[in-house]
């Protein structure tokens, strides 16, 4: 069963700006640029019939292109244990609208969607359990807190599958959907 998620791809020039941030934190597992994206909905492990339904239903979402930008960095933690470093996506009503539409479609296909507040971001690094980041993480946050990239036009979103490999996760675009008006 594939693990699926729906996301907005990050253009090459934005990926290049994100790559420039990836250093200075020991134990960080930096993501490769081909894995940069803004997740709209994580579907998890999905059976074939539900995947086909999701692919078809996502094609019914019709929405406008919109402008996106990155503004700052943040860390995700479990208690005191860091889990990830990310670039924050600037507030966008159209992005929020698209995320709600995608989540509704996923729920209608029988997928259990997380109900936590949508915090759009691009993950830069993940940390293994027990990572020793010390002052390096605080230094990274202080140094890159004013990071900005973009704007760019979000003109498509995609359904991706994810599989594990020795070098990390490999994401494959299963279907793409244009935003056109």
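In our numbering, the protein residues as written are 23 to 203.
Beta carbons are placed, not taken as given, at the ideal position from N, Cα and C, and that holds for glycine.
>> Within a Cβ cutoff of 7 Å, which residues of the same chain sit near residue 70, ignoring the five residues on either side of it in sequence?
In response: Here residue 70 has no same chain residue with a Cβ atom under 7 Å from its own Cβ, once five neighbours each way along the sequence are excluded.
_For residue 154 and residue 44, the rounded distance between their alpha carbons_ = Cα to Cα, residue 44 sits roughly 17 Å from residue 154.
If you draw a straight line from the C-alpha of residue 163 to the C-alpha of residue 151, how long is it? The straight-line gap separating the alpha-carbon atoms of residue 163 and residue 151 is approximately 20 Å.
Out of 92, 37, 67 and 60, which has the shortest C-alpha to C-alpha gap to residue 23?
Here the closest residue by C-alpha is 67.
*Using CA coordinates, which residue listed in 171, 168, 172 and 134 is at the minimum distance from residue 26?*
When only C-alpha atoms are compared, the closest one is 134.
- Contacts around residue 30, its chain only, beta-carbon distance under 7 Å, and the 5 residues preceding and following it disregarded: Closer than 7 Å at the Cβ level, and outside the excluded window around residue 30, lie 59, 60, 62, 176 and 179.
Next item on the list: Using beta-carbon positions only, say whether residue 145 and residue 108 come within less than 8 Å of one another.
Entry: Result yes, Cβ atoms of residue 145 and residue 108 sit closer than 8 Å.
**Message:** Taking a contact to mean a Cβ-Cβ separation below 8 Å, would you say residue 181 touches residue 76 in this structure?
**Reply:** A contact, by the Cβ cut-off of 8 Å.
- Task: With a threshold of 16 other CB atoms inside 10 Å of the CB of residue 128, please say whether the residue is buried or exposed.
- Result: Taking a 10 Å sphere around the C-beta of residue 128, we find 16 or more other C-beta atoms and assign the residue as buried.
- Item | residue 72 - partner residues in DSSP beta bridges | Bridge partners of residue 72: none, in fact.
Residue 96 - containing beta strand (DSSP E), residue span:
Looking at the DSSP string, the run of the beta strand (DSSP E) that includes residue 96 is 88-100.
Three-state secondary structure (DSSP) at residue 156?
Residue 156: helix per DSSP, three-state reduction.
Task: Supposed close pair residue 72, residue 132 - CB separation, criterion 8 Å - done: Distance from residue 72 to residue 132 at the Cβ level is roughly 6 Å; contact confirmed, criterion being Cβ atoms closer than 8 Å.
query = Does the Cβ-Cβ distance between residue 46 and residue 143 come in under 8 Å?
reply = Residue 143 is positioned such that its CB atom lies no closer than 8 Å to that of residue 46.
Open item on the list: According to DSSP, simplified to helix, strand and coil, what is residue 27?
Closed with: Looking at residue 27 - three-state DSSP - the assignment turns out to be strand.
8 Å CB neighbourhood of residue 51 in its chain, flanking five on each side removed
Excluding positions up to five away in sequence, the list reads 147, 148, 149, 150 and 190.
Item checked: Host alpha helix (DSSP H) of residue 185 (start-end) -> Premise fails: residue 185 lies in the beta strand (DSSP E), 178-187, not in any alpha helix (DSSP H).
Query raised in the report: Using the C-alpha atoms, what's the distance from residue 170 back to residue 113?
Result: Distance between residue 113 and residue 170, taken at the CA atoms: about 13 Å.
Item to check | For residue 32, the three-state DSSP class (helix, strand or coil) | outcome: Coil at residue 32, not helix or strand.
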